[in-house]
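Written out as structure tokens, the structure reads:
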């Protein structure tokens, strides 16, 4: 017996019980019976035919043009690049005592490579350069995709 048939049987039984108890309006007497009958009616109206698509049908629908469009969409997604020169752990007491001219000592040495993070994930190391009066970074070591995946695990 399927769930739909079981629900219909329950609905019929509850309707029968309501009629036996003298209830002429079953929706007013027993909202559960009305809901189960409504659900059974909706289940009967749904087509029971299902087309199962084979893998060949799915492959036939894909085209090389479609794949290119999907790649173009991915290539236009914006990401956030961050350069990290180092980190420091300080107490809130020390943080609140900082004023203009205070020096915060970082955990890295001068001249050590910076970390290049993309959306918070380390992808490369580099060094600071100046290009047209703006800071930039020269990549010195790009982390391979395999190494990035290892770090995620």
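Numbering (UniProt numbering), first residue to last: 1 to 153. Cβ atoms here follow ideal geometry from the backbone N, Cα and C, with glycine treated the same way. Treat the numbers as computed from the prediction; the structure is a model and nothing was measured.
Min CB distance residue i to chain D below 7 angstroms
| i | result |
| --- | --- |
| residue 97 | The question asks about chain D, but that chain is absent: this structure has only one protein chain. |
Residue i versus residue j: straight-line alpha-carbon distance, rounded
| i | j | result |
| --- | --- | --- |
| residue 172 | residue 73 | Nothing in the structure corresponds to residue 172, since the chain is present only between 1 and 153. |
| residue 91 | residue 106 | 14 angstroms |
| residue 36 | residue 9 | 9 angstroms |
| residue 150 | residue 84 | 21 angstroms |
| residue 139 | residue 113 | 9 angstroms |
| residue 27 | residue 11 | With a pLDDT of only 49 at residue 27, under the threshold of 50, the placement of this residue in the model should not be trusted, and no figure is reported. |
| residue 32 | residue 41 | 14 angstroms |
| residue 146 | residue 97 | 44 angstroms |
| residue 86 | residue 120 | 14 angstroms |
| residue 76 | residue 70 | 10 angstroms |
| residue 141 | residue 89 | 26 angstroms |
| residue 116 | residue 109 | 17 angstroms |
Terminal residues of the beta strand (DSSP E) in which residue i lies
| i | result |
| --- | --- |
| residue 83 | 81–84 |
Secondary structure of residue i, DSSP reduced to three states
| i | result |
| --- | --- |
| residue 93 | helix |
| residue 70 | helix |
| residue 31 | helix |
| residue 14 | helix |
| residue 76 | coil |
| residue 100 | coil |
Worksheet item: What alpha helix (DSSP H) runs, 4 residues minimum, are completely inside the stretch 113–153?
Response: The DSSP assignment places complete alpha helix (DSSP H) segments of no fewer than 4 residues inside the stretch 113–153 at 145–152, in order along the chain.
Worksheet item: Three or more C-beta pairs closer than 8 angstroms, one from the stretch 114–130 and one from the stretch 98–105: is that the case here?
Response: Contact fails between the stretch 114–130 and the stretch 98–105, because fewer than three Cβ pairs, one in each stretch, are under 8 angstroms apart.
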